[in-house]
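Beneath this line is the structure, given in structure tokens, with notes to follow.
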Amino acid sequence: MSKTLVIVESPAKAKSIGKLLGKKYTIKASMGHVRDLPKSQFGVDVEHGFTPKYITIRGKGEIIKELRAAVKKADRVLLASDPDREGEAIAWHLASVLEIDENSPCRIEFNEITRQAVQNAVKEPRPIDYNRVHAQQARRVLDRLVGYMLSPLLWRKVKKGLSAGRVQSVAVRLICDREEEITAFVPEEYWTLTAVFTRRGKDPFEARLYKAGDKKVEIKTQDQVQEILKELRGVSYRVVRITRREKKRQPPLPFTTSSLQQEAYRKLNFTARKTMMVAQQLYEGLELGPEGPVGLVTYIRTDSTRVAAQAVEDARNYIRGKFGPEYVPEKPRQVAARGRIQDAHEAIRPTFVEREPEAVKEYLTPDQYKLYKLIWSRFVASQMSPAVVETTSVDIGGGRYIFRASGSVVTFPGFTRVYEESRDDEAREEEGVLPALSEGEALEAESLTPKQHFTQPPPRYTDATLVKALEEKGIGRPSTYAPILETIIRRGYVVREKKQLVPTELGMVVVDLLKRHFPDIIDVEFTAQMEESLDRIEEGEMDWVQVVRDFYGPFQETLARAEEEIGRVAVADEVSEEVCEQCGRNMVIKTGRYGKFLACPGFPECRNTRPLLETTGVPCPRCKKGELVVRRSKKGRRFFGCSRYPECDFMVWDEPAGENCPRCGDMLVVKRGRGEREVLECINEQCRYRVTREKAGSNGEAARDVAVGSEPAEEKEPSFKPWDGDTLSIMAGKESGPAATGETGGRS
1 MSKTLVIVES PAKAKSIGKL LGKKYTIKAS MGHVRDLPKS QFGVDVEHGF TPKYITIRGK
61 GEIIKELRAA VKKADRVLLA SDPDREGEAI AWHLASVLEI DENSPCRIEF NEITRQAVQN
121 AVKEPRPIDY NRVHAQQARR VLDRLVGYML SPLLWRKVKK GLSAGRVQSV AVRLICDREE
181 EITAFVPEEY WTLTAVFTRR GKDPFEARLY KAGDKKVEIK TQDQVQEILK ELRGVSYRVV
241 RITRREKKRQ PPLPFTTSSL QQEAYRKLNF TARKTMMVAQ QLYEGLELGP EGPVGLVTYI
301 RTDSTRVAAQ AVEDARNYIR GKFGPEYVPE KPRQVAARGR IQDAHEAIRP TFVEREPEAV
361 KEYLTPDQYK LYKLIWSRFV ASQMSPAVVE TTSVDIGGGR YIFRASGSVV TFPGFTRVYE
421 ESRDDEAREE EGVLPALSEG EALEAESLTP KQHFTQPPPR YTDATLVKAL EEKGIGRPST
481 YAPILETIIR RGYVVREKKQ LVPTELGMVV VDLLKRHFPD IIDVEFTAQM EESLDRIEEG
541 EMDWVQVVRD FYGPFQETLA RAEEEIGRVA VADEVSEEVC EQCGRNMVIK TGRYGKFLAC
601 PGFPECRNTR PLLETTGVPC PRCKKGELVV RRSKKGRRFF GCSRYPECDF MVWDEPAGEN
661 CPRCGDMLVV KRGRGEREVL ECINEQCRYR VTREKAGSNG EAARDVAVGS EPAEEKEPSF
721 KPWDGDTLSI MAGKESGPAA TGETGGRS
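Just so we're aligned: 398 in my numbering is position 398 of the sequence shown, and the numbers increase by one with no gaps anywhere.
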């Protein structure tokens, strides 16, 4: 009996495919890449066409030996690494190491791990696609040129161990530029005037001052608002216009890699790295009881919203049966691709739409279930009818002024039966329902309330908004977003603070140096053009060696000039009042992977480090002796614990509000907030008192309560728990191994 050997990247994928192909096939895993450029050498022969020097990755010798033995026993070998540039490069390296003819039909690829997709792929093998290999090789060589030639300059001029990456440096620049915008921002004062109108025996409703005469009102000062209030004293009010219209809300598109990372961050609080790790598990296949291993979603590295015709038809049939024919649009939704995308794969979707999340929940981890449900819901919603919303706008006249009230009612839920898309800007509150009114109807103004506001600076980037910006600006590609984020944080250029990405002083210094001396490397447009060149290499329109040569010539000249011009750049450490108990020096504040920490300036003679305790000013509610301080978990998550740990092990994930519960006297914590409001909740599980209030400083005043909820909060994971002694992770910011290169990491 003839035997076919199929080589995939991971054991999980091997297990799933083995079940689908049967006994005539032997499935082996290469465990990712088997060859790469050496870490201890430059590894690129610049003088001879930028030829890369590939070596076997340390630890892969036994795997290669096992694969060679399997190749000898097989009649046919098929390379089934992932269907992208990096997967193609892995297949090419395997063909070279295992002495497989690269021009023979040895390569198969599939967008989903289902019986039909895998069996069809096995029937249609093809040779290695050299255009894809060359595009990936060009990226690898370009990253090596920048990383191994620019990083040593930073070591000599700024600090040993620093790195610069071709794409990561641009991401850090975006974050630093935003920080400079925030620092330079000058807030401007403005006022709003809100009226509460009533009719006899009817509920009151709010309207905001909109026009004065024919001009839109802009109130800049308190004096202006006082003048308006004087004019409105004693005037009568009447409904002058009612406008009703019907709006259709179109469903969101199915997920791409970028939009999945953004939405998983907003809805599930997953980092880009966690999203991709869990999504890879869903793609490669999970044990579903009697069914065995099943791939639940299609390939997860894609920039396309395209969906296969059969998948669309299956979704439409499912929606028709589940929700009714009115929820199925007359024609399948077709959306043209925007911008330059590779469009090599479908959008991310479930492999079988009938497999509802609840049906497989018992077989999945909580994270797998949450992400699968998100992907499934988004795909189903994308094929549903639009939601229909009836909006009403009421203009109320008083003297020469017009107040406007708006309301909306959903008349047909459409896709919102399944899914509601999150937004980065969630400050706008949903419009309410207005009472029945008629034009000419008289109203009474129960109150006129002026409110002071200040314009806000642009927000710092979060994981979601940075990924969105990278995609919009053409920086990186689907497979690189997560590694970019993790790299810039790991290198200490950026830290996460309250979900925001904040540049460190080191990051600001390095970006400023690169701006002045390497404008192309740090330039957004230049980097985006380079990504387009890589796309054109993949399409066979450009030669990869020429692309690298065109980059290398100017880069080498700039590097030589910078070596002469740049002097030593000092990054001063902030000196604290804490004294090192080992040598008596004042400790300095440094930044590591998990944020700031205290370190002795006598390094390497004295290697003492200590966590930097960021105080909250809130006494510990358990021991009453300590103070709650900010700490970090092993995964870098921020929490609040007693400063007397381990004597007192009290901790809470949510930020203390600095107030006690008026009902039971226990501590209040800040649970969440939108716009100018935030929700406070009691940590006492039996009490669960909750209040919504204005944020302090949102209107130039102290915080004030605006609504009290007497109902218990929704059931969820307890907000506090005792430490287990292993939660606290003190990172001293030291890294081992070869100096960082800043290169985009791939799959291993």
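Glycine is no exception: its CB is placed at the ideal position from the N, C-alpha and C atoms. Owing to the predicted nature of the structure, the values given are computational and were not obtained by experimental measurement.
In whole angstroms, what separates the C-alpha of residue i from that of residue j?
| i | j | result |
| --- | --- | --- |
| LEU374 | VAL46 | 47 Å |
| VAL708 | SER447 | Model confidence at VAL708 stands at a pLDDT of 34, short of 50, so the residue's coordinates are unreliable and nothing is read from them. |
| ILE537 | TRP544 | 6 Å |
| VAL44 | ARG68 | 27 Å |
| ALA164 | LEU150 | 6 Å |
| CYS648 | GLU326 | 59 Å |
| LEU20 | MET384 | 32 Å |
| PHE597 | CYS620 | 22 Å |
| ASP314 | GLY414 | 18 Å |
| LYS202 | LYS216 | 29 Å |
| GLY588 | ARG631 | Reading off the sequence shown, one finds Val at residue 588, where the question assumed Gly. Each residue's alpha carbon lies about 18 Å from the other. |
| ALA387 | PHE323 | 14 Å |
| SER438 | ALA195 | 18 Å |
| PRO722 | ILE300 | Confidence at PRO722 is low in this model, with a pLDDT of 34, below 50, so its placement is unreliable and the value that follows should be read with caution. Using only the alpha carbons, I get a separation of about 38 Å. |
| LEU628 | GLU472 | 41 Å |
Could you give the C-beta distance for residue i and residue j, rounded to a whole number, given that I count them as a contact under 8 Å?
| i | j | result |
| --- | --- | --- |
| ILE17 | ILE27 | 5 Å |
| ILE219 | LEU193 | 7 Å |
| ASN586 | GLU574 | Contact doesn't hold; Cβ gap of about 11 Å is too wide. |
| LEU282 | PRO293 | LEU282 to PRO293, Cβ: 12 Å. No contact. |
| ARG693 | GLU678 | 6 Å |
| LEU154 | VAL510 | 7 Å |
| ILE396 | LYS211 | Actually they do not touch by this definition, with Cβ atoms about 11 Å apart. |
| GLN222 | ALA464 | Actually they do not touch by this definition, with Cβ atoms about 37 Å apart. |
| THR305 | LEU253 | 4 Å |
| GLY626 | ARG607 | So it is not a contact: roughly 28 Å between Cβ atoms. |
| VAL235 | GLY398 | 5 Å |
| THR411 | VAL167 | 47 Å between Cβ atoms; not a contact. |
| VAL133 | TRP92 | 5 Å |
| ARG460 | ILE182 | 7 Å |
Tell me the DSSP secondary structure of residue i in three-state form.
| i | result |
| --- | --- |
| LYS596 | strand |
| GLY289 | helix |
| GLY641 | strand |
| GLN686 | coil |
| PHE255 | strand |
| ASP749 | No statement about residue 749 is possible, as the shown extent of the chain runs from 1 to 748 and does not include it. |
| GLN119 | helix |
| ASN317 | helix |
| ARG85 | helix |
| ILE57 | coil |
| PRO611 | strand |
| LYS590 | strand |
| LYS617 | It is worth fixing the name first, because residue 617 is Gly in this sequence and not Lys. Strand at GLY617. |
Under DSSP, the beta strand (DSSP E) around residue i begins and ends at which residues?
| i | result |
| --- | --- |
| LYS202 | Taken as a continuous stretch (DSSP letters only), LYS202 belongs to no beta strand (DSSP E), as it is neither H nor E. |
| LEU5 | 4-8 |
| ASN660 | 655-660 |
| VAL409 | 401-412 |
| ARG496 | 494-497 |
| SER576 | 574-579 |
Please tell me whether residue i has its Cβ less than 7 Å away from any Cβ of chain D.
| i | result |
| --- | --- |
| THR462 | Within the model displayed, chain D is absent; a lone protein chain is all it includes. |
In terms of DSSP beta bridges, what is residue i paired with?
| i | result |
| --- | --- |
| HIS453 | TYR190 |
| SER749 | Because the chain is modelled from 1 through 748, residue 749 falls outside the range shown and cannot be assessed. |
| ALA387 | ARG249 |
| LYS216 | LYS211 |
| LYS28 | ILE7 |
| ARG238 | GLY397 and ALA442 |
| SER377 | Per DSSP, none; premise fails for SER377. |
| GLN500 | GLU497 |
Would you mind reading off the limits of the alpha helix (DSSP H) that contains residue i?
| i | result |
| --- | --- |
| ASN131 | 130-157 |
| GLN281 | 272-284 |
| SER40 | Careful: SER40 lies outside any alpha helix (DSSP H) and carries neither H nor E. |
| PHE555 | 544-565 |
| LEU514 | 505-517 |
| LEU174 | 168-184 |
| ARG67 | A small correction: the amino acid at residue 67 is Leu; Arg does not occupy that position in the sequence shown. Per DSSP, LEU67 belongs to the alpha helix (DSSP H) from 61-73. |
| THR465 | 463-473 |
Kindly examine the ligand SAM and report whether one of its heavy atoms sits closer than 6 Å to the Cβ of residue i.
| i | result |
| --- | --- |
| MET651 | In terms of ligand content, the structure shown is empty, and the ligand SAM therefore cannot be addressed. |
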